[in-house]
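J.:
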Amino acid sequence: MILTITLNPSIDMNYHIDKLKINQVNRTGNPIMTAGGKGLNVTRVIHQNDEPVMATGFLGGITGTYIAQQPGFPLHITR
Numbered sequence: 695m696i697l698t699i700t701l702n703p704s705i706d707m708n709y710h711i712d713k714l715k716i717n718q719v720n721r722t723g724n725p726i727m728t729a730g731g732k733g734l735n736v737t738r739v740i741h742q743n744d745e746p747v748m749a750t751g752f753l754g755g756i757t758g759t760y761i762a763q764q765p766g767f768p769l770h771i772t773r
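Using our numbering, you'd call the opening residue of the sequence shown number 695 and step up by one each time.
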């Protein structure tokens, strides 16, 4: 079992556009939001490679609630 520690988890927001228009206004759709931070990103890659892994760390507030519901891998957190 690999244990990762994420001391500063975050929410990564990715915006996609069909084509980049130089010197014009570019419009985006809804962002794709994922749990992020170095530790959670490492945990996600380890999990995708079918290795046993668990993420730990500290979460709080609205951001912490979102991250706790989202990851798709074992997560043991302190609130």
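Yeah, the Cβ is synthetic: ideal placement off N, Cα and C, and Gly gets one too.
The model shown is predicted, which means the values in this text are computed figures rather than measured ones.
Taking the beta strand (DSSP E) that Leu-697 belongs to, which residues open and close that run?
T.: 696 to 700 is the extent of the beta strand (DSSP E) around Leu-697.
J.: Quick one: using the 10 Å Cβ neighbour count with 16 as the cut-off for buried, is Arg-773 buried or exposed?
T.: Exposed is the call here.
J.: Can you tell which of Gly-730, Ile-716 and Asp-712 has the C-alpha that lies nearest to the C-alpha of Gly-723?
T.: Checked all of Gly-730, Ile-716 and Asp-712; the closest Cα to Gly-723 is Asp-712.
J.: Whole angstroms is fine: what's the gap from Pro-765's alpha carbon to Thr-757's?
T.: One C-alpha to the other measures close to 13 Å.
J.: As a quick exercise: from Val-739, Pro-725, Thr-759 and Val-736, pick the residue whose alpha carbon is nearest that of His-710.
T.: Cα-wise, what sits closest to His-710 is Pro-725.
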